[in-house]
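Peer 1: This is the structure I want to talk about, given as structure tokens.
Numbering (the numbering used here), first residue to last: 116 to 209.
Structural data, given as structure tokens:
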């Protein structure tokens, strides 16, 4: 399953990075028309780099089970709470 996800994610990221390269070529070509193009391009580069690295980290080290949130919430470290044992009469607000 991880191999398929890695392949699909790599395919999507290659497409995104190709569009980024085309955008950067056009940004350098039309840099005289706006002073914000280079700042926006730098921000977009950092954002895409972060998304690429975090995506690979999540795929490689993440939990790929059927219900990862349910497994986390119903983990063995949590014990059931009996609401009848809680004394609500001593509740004070400050």
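All C-beta atoms in this analysis are idealised placements derived from N, C-alpha and C, irrespective of residue type, glycine included. From a predicted model like this one, the values you see are computed outputs, not experimental measurements.
1. Return the chain-ordered list of same chain residues with a C-beta closer than 8 angstroms to the C-beta of residue 171, the five sequence neighbours on each side being excluded.
2. For residue 163, which residues from the same chain have a beta carbon less than 8 angstroms from its beta carbon, with the 5 sequence-adjacent residues on both sides left out?
3. Identify, in the order they occur along the chain, each residue of the same chain with its Cβ nearer than 8 angstroms to the Cβ of residue 152, setting aside the five sequence neighbours on each side.
Peer 2: Taking the geometry as given:
1. In the chain shown, counting from the first residue as 1, residue 171 sits at position 56. So the list reads 121 and 124, once near-sequence residues are dropped.
2. In the chain shown, counting from the first residue as 1, residue 163 sits at position 48. Counting only Cβ-Cβ distances below 8 angstroms, and skipping sequence neighbours, we find 131, 132 and 135.
3. Residue mapping note: residue 152 aligns to position 37 of the chain shown, counting from 1. Excluding five sequence positions before and after residue 152, the CB atoms of its chain that fall closer than 8 angstroms to its own CB belong to 142, 145 and 146, given in chain order.
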